[in-house]
Amino acid sequence: MNISGVIIAAACFLVIGIFHPIVIKAEYHFSAGCWPAFLAAGIAALATSTQVGNVTVSAVLGVLGCSCLWSILELKEQEKRVERGWFPANPKRKSHEKKGTPDRKGVSDK
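Residue numbering for the sequence shown follows the UniProt record's numbering, starting at 1 and increasing by one per position.
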């Protein structure tokens, strides 16, 4: 019996699920400018996946690498969600204060 597909599917599900809060926290604490860290992690995971002999581990590393790269786009989207007021802005960051973040109803507080 080959369970590699089930393991890869479960890993994919977990990695994608874990990256949602990671992107939210990263944008909150570091802004979308932390995208180079996701780029480096993605490239490293993808490069490592090409060197691993085990197909299951290689596939999981590939999923991890692609999730890191996709998170770069999600950081930009998360920044827009914060500007719309869908997520809280970091009060310590001045870039949100200048723009006038909208409240939950989409009405600007200016």
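Every residue gets a Cβ at the ideal spot worked out from N, C-alpha and C, and that includes glycine. Model, not experiment: these values are computed from the prediction.
In this structure, the CA atom of Ala40 is about 10 Å from the CA atom of Ala47. DSSP, read as helix, strand or coil, puts Ala59 in helix.
Contact fails between the stretch 5-15 and the stretch 24-35, because fewer than three Cβ pairs, one in each stretch, are under 8 Å apart. The alpha carbon of Glu77 has as its nearest neighbour, out of Ser49, Pro88, Val23, the alpha carbon of Val23. If only uninterrupted beta strand (DSSP E) runs of at least 3 residues are considered, none is enclosed by the stretch 45-92.
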